[in-house]
Every structure is written in structure tokens, then in C-alpha cells.
Amino acid sequence: MTGGRSAAARLLTWLSWAVLLLQQVADAWLHHAPWVIWAGKLLPLLIFLPGMYRDNLRSYIWLCFVCLLYFIAQVERLFAQPGSALAITGTVAVVVLFIAAMLYVRWRARELSAIDKRHAGAGD
1 MTGGRSAAAR LLTWLSWAVL LLQQVADAWL HHAPWVIWAG KLLPLLIFLP
51 GMYRDNLRSY IWLCFVCLLY FIAQVERLFA QPGSALAITG TVAVVVLFIA
101 AMLYVRWRAR ELSAIDKRHA GAGD
């Protein structure tokens, strides 16, 4: 079972992931993107879905790396379309996703380490 901080960070990670996914879908839809662009926008996010569901910390770590690519794309879009609500939403979502996932990995790893130490101490 996860603690309070890590549970909140996990929930925020899932919510921001969903917002970013929906923003990418809306962006592709509004620009009538071909299927290759749809795949390029959505596949990197969808790849991490099974690992996130299984609470695999490596999936969250790699998601943070992929977030950096989305961040670059969102900042470029924000400079190209400064008043675009879609660009602002995507930028905020990717920043929140990165921070929440990073904090979740940090806090959850500490929890798991503490659990391992308790079990190792109980076996002595």
C-alpha cells in the first residue's frame, strides 16, 4: 500500500498523463493529422500505460524522459501560438506530469526501501 504523499503523486501523475493524452488527441484532430502523426503523438504515452498500471517504477522513470520530448514540442507550439489554450494546456500538463512522476518515483522508492529493511530486520 502506498503512503499519503506517494499516493497523491501517483494520482496526479495519472491525471496529468490523461490531460496530456487528451491534449495530444485534440491537437491531432484539429490539425487533421495523418495516422503517422497520430501514432507519433500518442504511442510514446501509451507505451507506459501497462507499466504505470502495474506500479513499475522504471516505467515512471522512462516516462519522465519521454516527457522532456513532449515539453520541447509544447514549448515550441507555445511560442508559435502564444494565446492557444491547447498549447498552454499541453505545456502545463507535461510539466505537472514530469514533476508528479518524478516525486512519485522518489517517494515510492523510499517506501519500498523501508519495507525491505523491515523485512530483512525481521528475518534476523
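1 is the number of the first residue of the sequence shown in my numbering; add one for each residue after it. Even for Gly, the Cβ is constructed at its ideal location relative to N, Cα and C. Everything numeric in this text was worked out from a predicted model, so none of it was measured.
Secondary structure at ARG5: helix, using DSSP grouped into helix, strand and coil. In the three-state reduction of the DSSP assignment, GLN23 falls in the helix class. In this structure, LEU103 keeps its C-beta atom at 8 Å or more from the C-beta atom of THR91. Straight across, the Cα-Cα distance linking GLN24 with ALA120 is about 45 Å. CA-to-CA, the gap between ILE88 and ILE72 works out to about 13 Å. Counting of Cβ neighbours within 10 angstroms places ASP27 among the buried residues, the total reaching 16 or more.
Between SER16 and ALA100, the CB-CB gap stays under 8 Å. For ALA39, the enclosing alpha helix (DSSP H) covers residues 35-46.
Boundaries of the alpha helix (DSSP H) around GLN74: 57-80.
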